[in-house]
Amino acid sequence: MDRLLADGVVVPIDAAVPPGQYTLEIGWYNLETMQRLSLVDGRGQPAADKLVIEPIHVVE
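Residue numbering for the sequence shown follows the working numbering, starting at 104 and increasing by one per position.
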């Protein structure tokens with residue numbers, strides 16, 4: 104599938120979360136089967152089933 108899909112998502116963070124650095128991981132699922140989908144890298148080779156986003160920093 105040679106398509107680019109862009110979508111914005113707001114991730115709420117509970118006020119009780121202590122300040123610090125956190126890793127955000129995202130994954131995709133088949134809506135019919137709820138099976139986790141695999142990712143491919145830039146060469147089309149199988150990769151992990153999640154994408155690790157740059158660390159986020161909670162400051163207050």
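Ideal Cβ placement from N, Cα and C applies to all residues, glycine included.
Do you know how far the Cα of residue j is from the Cα of residue i?
i: Ala150; j: Arg106; result: 17 angstroms
i: Gly130; j: Val155; result: 9 angstroms
i: Ala118; j: Leu127; result: 17 angstroms
i: Val161; j: Leu140; result: 29 angstroms
i: Asp152; j: Pro121; result: 28 angstroms
i: Leu142; j: Glu163; result: 34 angstroms
Can you tell me whether DSSP reads residue i as helix, strand or coil?
i: Thr136; result: coil
i: Gln148; result: coil
i: Val112; result: coil
i: Val120; result: coil
i: Val162; result: coil
Which residues share a DSSP beta bridge with residue i?
i: Leu127; result: Ile156
i: Val143; result: Pro149
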